[in-house]
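Reading through the structure tokens given below for one structure.
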Amino acid sequence: MAGLSESCSHVGAVLFSIEAGVRMQDSASCTSEQCKWLMPSHVKKIPAAPVAMIDFSSAKSKKLKLDRSIDGRTTDSKPVKSLLYPRVKKGSETYSRFFDALSKNCPKSAALMAREPYYKEFIPKSSMLPKTVLDYRTSETLQLPPKELAELCQEFQFEELTPSQVQAVERATRDQSASRIWFRQRAGRITASKMRRVLRTSPQQPSKSLIMAI
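Heads up, the sequence shown is in UniProt numbering, so the first residue is 1 and it goes up one at a time.
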């Protein structure tokens, strides 16, 4: 709201906003009232009810149920439809050919997610990566004194990497310094670029900058 003749009108703007908010609060929206939609001319009142209690059957369907009850048939009986195509057995040649063709033409189909061996393509690449060195840390080991920590390191062994994990790391770290995974997989490991500094530092008093770089 703009000022008039150098007079401040902020109070007027606030009052206008409050008045508009009160009007909106007092007015009822279409979802605030029951049965807001237009009723048929022959209906005087539509009682509100949960969806599970509402009968959505058409007039034709209701007449069919009435005719069945008059004929002495149960209303739940339905004519059995014959299958147009026979059921395909799981593991049969037709079954295998279908999913092979589906994996080639629609490799992201949800029907492949729970079937061997196609589900492997849906496994996130991050879950195939091996644990990093930093992942082996625990709250207990971080509180150990240097001597006990050194003894623990003498007995510690990394988990053996599988060929699939090696391939996953190679694919995920091709961008090298532009990849976060590249830094995480290198953290805690003595790489070739750090080897010379590691051999020259004192084991009793190692370089702090070198430790931070590793």
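Don't be surprised by glycine CBs; every beta carbon is placed ideally from N, CA and C.
query, result
"Secondary structure of Glu116, DSSP reduced to three states", "coil"
"Pairwise C-alpha distance: Pro130 and Glu159", "9 Å"
"Residues near Thr201 in its chain [Cβ-Cβ closer than 8 Å; skip 5 each side]", "Ser207, Leu210"
"CB of Thr132 within 9 Å of CB of Arg196, strictly", "no"
"Proximity below 9 Å, CB of Arg115 to CB of Phe99", "yes"
"Rounded separation between Gly72 and Leu64 - CA only", "12 Å"
"Expected contact under 8 Å - CB spacing of Tyr118 and Ser103 to nearest Å", "5 Å"
"Host alpha helix (DSSP H) of Met39 (start-end)", "Per DSSP, Met39 belongs to no alpha helix (DSSP H) and is neither H nor E."
"Which of helix, strand or coil DSSP assigns to Pro107", "coil"
"Cβ-based burial, Thr173 [other Cβ within 10 Å; buried from 16]", "buried"
"Under the three-state DSSP convention, the category Tyr178 falls into", "According to the sequence displayed, residue 178 carries Ala and not Tyr. Three-state DSSP puts Ala178 in a helix."
"Status (buried if at least 16 other CB within 10 Å, exposed otherwise) for Ala168", "buried"
"Residue span of the alpha helix (DSSP H) that contains Met195, given as start and end", "192 to 200"
"Pick from Met212, Met128, Trp182, Ala52 that is closest to residue 219, judged by C-alpha positions", "What is shown of the chain runs 1 to 214, which leaves residue 219 out entirely."
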